[in-house]
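The structure appears below as structure tokens.
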Amino acid sequence: MVGDIILQEKLVDKVNAYFSQPQGSGYLTRSDNIRIRVETVRAWLGGRAAENILDIGCGDGSISAPLLRGDNSLTLLDNSEYMLSIARDRITEDLRNNVRLIQEDFIGADLPKASFDAILCLGVLAHVASPKAVIERICSLLKPGGEVIVQVSDYTHPVGRILEMY
């Protein structure tokens, strides 16, 4: 168990290093169609207008930024300052007051409980030291009746078993 944790922490360090460099900025465009992913997230939200959205591990913001309107807010959280700078540039000037950018680990981030209508966690869980802790924290931040969208990009990863508990 201790060896597994050490290996997972080393993986987290490698992922953080990758996304802190310019080559990490193209990760979505190489294999995924952004338009389809945005449409899928909108469909999962059921067309409902989330007032307060949190995107955990937002990367360059290409999935969640299109969900931003003039009457809602978006919190973009990522470990990478570089990715957040790209996300910041993606937001139009008229909507920047509706966006909060946080460069921090999700577990330690100062976020109010039961404050988000929608929480996105796309392709993140396979890269964290404790997926269970992330899911538990997500549950604590979600408003009653809110929506959580989790995408596990590595379907063979044991995170899938953790998600079945929730």
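35 is the number of the first residue of the sequence shown in this note's numbering; add one for each residue after it.
Even glycine gets a Cβ: it sits at the ideal position worked out from N, Cα and C.
For K166, the enclosing alpha helix (DSSP H) covers residues P165 to L175. Residues D151 and A152 of the same chain have their beta carbon placed closer than 6 Å to that of A84, with the five preceding and five following residues left out of the count.
If the five residues before and after L175 are omitted, its C-beta is found closer than 8 Å to the C-beta atoms of L88, L145, P146, K147, A148, S149, F150 and I153, all from its own chain and listed in chain order.
A160 is positioned such that its CB atom lies no closer than 8 Å to that of I141. Residue pairing for N86: DSSP places it in a beta bridge opposite S107. For the 8 Å CB-CB criterion, L110 and S98 form a contact.
The Cβ neighbour count for R171, taken over all protein chains shown within 10 Å, is at least 16; the residue is labelled buried. DSSP places D123 outside any beta strand (DSSP E); the residue lies instead in the alpha helix (DSSP H), whose first and last residues are E115 to R124.
Straight across, the Cα-Cα distance linking N86 with R69 is about 22 Å. Counted as a single uninterrupted DSSP element, the alpha helix (DSSP H) harbouring A77 occupies residues I68 to W78.
If you look at I153, you'll find it in the beta strand (DSSP E) that goes F150 to L156.
With a beta-carbon spacing of about 19 Å, I120 and D139 fall beyond the 8 Å limit used to define contacts. In the structure shown, the three-state DSSP call for G180 is strand.
In the DSSP assignment, the residues bridged to L135 are L110. The alpha-carbon separation between E73 and C92 amounts to approximately 16 Å.
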